[in-house]
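Here the structure comes first, spelled out in structure tokens, and everything after it is commentary.
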Amino acid sequence: MTLLWNRADLLAATSGHFPSASHADIAGTGVSIDTRTLQPGDVFIALKGENSNGHAHVAAALDAGAAAVVAHEPCGDDPRILHVDDTLVAMQDMARFARMRFAGRMVAVTGSVGKTSVKDMLRHALQACGPTHYAVASYNNHWGVPLTLARLPATAAYCVCEIGMNHPGEIAPLAAMVQPDVAVVTTVASSHLGLMGSIDAIAREKAEILLALPRGGTGIVPHDVTGAAYFRANAATAGATLWWAGTTADCTVQATDVKSDAHGSGFDLRLPGWQGHARVNAPGRHMAGNAMLALAAAHALGADMGHAVAGLATFHPGAGRGAMARVMHDKVTLLDESYNASPASVQAALDLLGLVATGRRIAVLGDMLELGAFARHEHVSLLPAVRANADIVFCCGPNMKTLFDTLPSSLQGGWTPDSRQLAPLVHAALRAGDTVMVKGSLGSRMRHVVAAIAADDAWVGQA
Ligand SMILES: Nc1ncnc2c1ncn2[C@@H]1O[C@H](COP(=O)(O)OP(=O)(O)OP(=O)(O)O)[C@@H](O)[C@H]1O
Ligand SMILES: [Mg+2]
Numbered sequence: 020m021t022l023l024w025n026r027a028d029l030l031a032a033t034s035g036h037f038p039s040a041s042h043a044d045i046a047g048t049g050v051s052i053d054t055r056t057l058q059p060g061d062v063f064i065a066l067k068g069e070n071s072n073g074h075a076h077v078a079a080a081l082d083a084g085a086a087a088v089v090a091h092e093p094c095g096d097d098p099r100i101l102h103v104d105d106t107l108v109a110m111q112d113m114a115r116f117a118r119m120r121f122a123g124r125m126v127a128v129t130g131s132v133g134k135t136s137v138k139d140m141l142r143h144a145l146q147a148c149g150p151t152h153y154a155v156a157s158y159n160n161h162w163g164v165p166l167t168l169a170r171l172p173a174t175a176a177y178c179v180c181e182i183g184m185n186h187p188g189e190i191a192p193l194a195a196m197v198q199p200d201v202a203v204v205t206t207v208a209s210s211h212l213g214l215m216g217s218i219d220a221i222a223r224e225k226a227e228i229l230l231a232l233p234r235g236g237t238g239i240v241p242h243d244v245t246g247a248a249y250f251r252a253n254a255a256t257a258g259a260t261l262w263w264a265g266t267t268a269d270c271t272v273q274a275t276d277v278k279s280d281a282h283g284s285g286f287d288l289r290l291p292g293w294q295g296h297a298r299v300n301a302p303g304r305h306m307a308g309n310a311m312l313a314l315a316a317a318h319a320l321g322a323d324m325g326h327a328v329a330g331l332a333t334f335h336p337g338a339g340r341g342a343m344a345r346v347m348h349d350k351v352t353l354l355d356e357s358y359n360a361s362p363a364s365v366q367a368a369l370d371l372l373g374l375v376a377t378g379r380r381i382a383v384l385g386d387m388l389e390l391g392a393f394a395r396h397e398h399v400s401l402l403p404a405v406r407a408n409a410d411i412v413f414c415c416g417p418n419m420k421t422l423f424d425t426l427p428s429s430l431q432g433g434w435t436p437d438s439r440q441l442a443p444l445v446h447a448a449l450r451a452g453d454t455v456m457v458k459g460s461l462g463s464r465m466r467h468v469v470a471a472i473a474a475d476d477a478w479v480g481q482a
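For the sequence shown, our numbering gives the first residue as 20, with consecutive numbering after it.
Below, the structure written as structure tokens:
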């Protein structure tokens with residue numbers, strides 16, 4: 020197991036102090052902020068949130084084998100407790116320290132949708148090329164990014180970070196912490212529009228990531244991105260190279276002959292200095308686009324492209340992000356898109372439903388959140404995609420009611436105020452041969468619908 024944190028490095032990184040009587044060294048092999056998942060050897064950082072306080076779990080962390088604890092509230096004088104002024108700041112300091120000693124290549128992924136998908140594709144591609152560290156989940160915010168970096172082994176060859184935002188000003192400090200050699204922007208779309216105000220503001224915010232690139236670094240951005248001028252200007256300011264990615268001949272990164280079916284997507288890829296064919300086990304043009312960006316980033320990092328292409332082929336969409344399953348005694352196909360939703364990702368999921376279904380196409384949609392005053396417009400705007408890709412539509416939540424009410428009655432499966440009430444309605448409507456796609460923002464809790472469908476053993480089905 021790799022040693023991540025010893026006493027000297029913890030002290031140097033954080034300007035904290037151990038109780039004066041303690042001298043024994045520390046062998047931290049991981050970093051944890053949650054005792055429920057803490058592994059023996061982890062350094063436990065006692066973060067304080069609005070509804071939780073890690074300081075209440077310091078004793079449990081030590082009992083569970085924590086190598087050290089980082090704390091800012093009084094919690095005893097155990098020699099393994101590093102006392103700091105602010106544990107979140109200390110974790111960020113540890114992140115910067117770990118980034119500085121890392122000699123490998125760093126890639127950061129941001130964008131309105133597709134960050135985790137591209138991050139995971141890159142992980143698969145890069146792991147085939149060398150030791151790769153990555154965010155274990157969608158860790159893309161003020162604690163997720165520093166936690167990922169604090170866990171970064173100095174000896175890894177590659178590191179993949181996800182950087183997110185839902186308020187202006189969030190990208191720049193996180194990108195400065197990550198110091199990417201390569202930065203990927205997946206999309207600029209209307210996620211979190213209510214908090215950001217306009218697509219233009221979202222583009223300006225995403226473009227901030229390019230300012231963190233070193234001179235000679237590479238930014239990879241879809242060629243049809245909103246606010247292209249921001250990306251161009253920031254790449255120039257940083258002295259970085261900008262690769263525009265798309266399907267047209269004027270793109271630096273060009274995917275051609277893109278084919279997508281129920282089993283996956285394939286395309287020919289042309290990059291500066293490399294060209295070849297690539298395949299990913301993820302249906303949908305949006306997933307082909309994500310794969311194109313991931314391979315372009317791998318190439319910009321200097322990875323062996325033969326290995327990267329082979330590694331990418333082992334990627335499968337994650338639970339809630341397009342994972343497909345046969346459910347109800349193998350009679351129904353479930354497209355689980357329940358993890359989150361924004362206008363762009365619901366569009367993509369509806370296209371996916373149209374692409375993979377062979378029988379009836381059933382869309383189950385919960386509210387898209389964080390759209391503020393734009394909510395009604397963004398929900399109703401889904402109508403053309405719904406009409407093109409679904410035979411029956413079930414909706415829940417007040418925002419989806421606005422879409423549901425505009426549907427022709429032949430498409431209206433049912434509407435309920437929340438997902439718990441919707442689940443039995445959807446369940447009762449399913450028949451053998453159906454494909455059902457479930458999507459909604461995390462707060463809409465569409466997993467209740469997925470659970471009701473996926474857990475059904477008693478169902479006998481009817482042709
Ligand atoms: N390029 C894309 N265009 C549209 N939708 C996409 C794209 N890539 C992924 N999606 C869909 O968007 C949803 C979220 O995907 P993913 O988790 O990769 O995005 P994310 O940017 O990490 O989201 P979050 O902001 O919640 O971390 C999934 O349903 C996924 O299928
Ligand atoms: Mg994510």
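Built from N, CA and C at the ideal position, the CB exists for glycine as well.
None of the values given here were measured: they were computed from a predicted structure.
Please tell me whether Arg124 and Tyr177 are closer than 7 Å, where the distance is taken between their beta carbons.
One-based indexing of the sequence shown puts residue 124 at position 105. One-based indexing of the sequence shown puts residue 177 at position 158. Going by C-beta atoms, Arg124 is nearer than 7 Å to Tyr177.
Nearest neighbour of Gly432, chosen from Met306, Arg251, Val405 [CA to CA]
Sequence index remark: in the sequence shown, residue 432 carries index 413 (1-based). Looking at the Cα atoms, Val405 is the closest of the given residues.
Tell me the DSSP secondary structure of Ile45 in three-state form.
As a working note, residue 45 is residue 26 in the sequence shown. Of the three classes helix, strand and coil, the one that applies to Ile45 here is coil, per DSSP.
Considering only heavy atoms of ligand 2 and the C-beta of each residue, which residues fall inside 5 Å, strictly closer?
Lys134, Thr135, Ser157
Can the beta-carbon of Val455 be found less than 7 Å from the beta-carbon of Thr421?
For the purposes of this step, residue 455 is taken as the residue at position 436 of the sequence shown. For the purposes of this step, residue 421 is taken as the residue at position 402 of the sequence shown. Not a contact, by the Cβ cut-off of 7 Å.
Of the choices Ala474, Phe334, Pro192, Ser209, whose alpha-carbon is the least far from that of Leu230?
The residue given as residue 230 occupies position 211 in the sequence shown. Checking every option, the nearest Cα to that of Leu230 belongs to Pro192.
Classify Ser284 as helix, strand or coil using the three-state DSSP reduction.
As a working note, residue 284 is residue 265 in the sequence shown. Looking at Ser284 - three-state DSSP - the assignment turns out to be strand.
Just grab the DSSP bridge partners of Ser51 for me.
As a position in the sequence shown, residue 51 is number 32, starting the count at 1. Per DSSP, Phe63.
Whole angstroms is fine: what's the gap from Gly480's alpha carbon to Ala448's?
For this step, residue 480 is matched to residue 461 along the sequence shown. For this step, residue 448 is matched to residue 429 along the sequence shown. Unreliable placement is indicated for Gly480, whose pLDDT of 37 sits below 50; no coordinate value is reported for it.
Exposed or buried, which one is Asp269 when buried takes at least 16 other CB atoms within 10 Å?
Here residue 269 refers to the residue found at position 250 of the sequence shown. Looking at its Cβ environment, which holds fewer than 16 other Cβ atoms inside 10 Å, Asp269 is exposed.
Answer with buried or exposed for Asn70, where buried requires no fewer than 16 other C-beta atoms within 10 angstroms of its C-beta.
Taking the sequence shown and counting its residues from 1, one reaches residue 70 at position 51. When all chains shown are included, Asn70 counts as exposed.
Provide the residue(s) that pair with Trp262 in DSSP beta bridges, ordered along the chain.
Start at 1 with the first residue of the sequence shown, and residue 262 comes out as number 243. The partner list for Trp262 (beta bridge, DSSP) reads Ile239.
Just the Cα atoms here: how many angstroms apart are Ser131 and Val207?
Along the sequence shown, read from residue 1 onward, the residue named residue 131 stands at position 112. Along the sequence shown, read from residue 1 onward, the residue named residue 207 stands at position 188. Their Cα atoms are separated by approximately 5 Å.
Taking buried to mean at least 16 other C-beta atoms within 10 Å of its own C-beta, is Arg26 buried or exposed?
Position 7 of the sequence shown, counted from the first residue, corresponds to residue 26. Classification of Arg26: buried, given that the 10 Å Cβ count is 16 or more.
Work out the CA separation of Asp437 and Ala319 for me, nearest whole Å.
Translated into the one-based positions of the sequence shown, residue 319 becomes position 300. Translated into the one-based positions of the sequence shown, residue 437 becomes position 418. Cα-Cα distance, rounded: 45 Å.
Collapsed DSSP secondary structure at Ser34 in the structure displayed:
The residue you call residue 34 lines up with position 15 of the sequence shown. Coil, per DSSP.
Unbroken stretches of the beta strand (DSSP E), 3 residues or longer, contained in the segment 311–386
342–346, 351–356, 380–385
Write down every uninterrupted run of the alpha helix (DSSP H) in the segment 383–438 whose length is 4 residues or greater and which is fully enclosed by it, in chain order.
394–399, 402–408, 417–425
In chain order, what residues of the same chain have a beta carbon less than 8 Å from the beta carbon of Ala338, not counting five sequence neighbours either side?
Translated into the one-based positions of the sequence shown, residue 338 becomes position 319. Around Ala338: Asp355, Tyr358.
Taking 6 Å as the cut-off, is the CB of Gly462 close to at least one heavy atom of ligand 1?
Taking the first residue of the sequence shown as position 1, residue 462 is located at position 443. Gly462: no, Cβ never under 6 Å from ligand 1.
Among His161, Thr205, Met20, which one has its Cα closest to the Cα of Ser136?
Within the sequence shown, the letter at position 117 stands for residue 136. That would be Thr205, whose Cα lies nearest to the Cα of Ser136.
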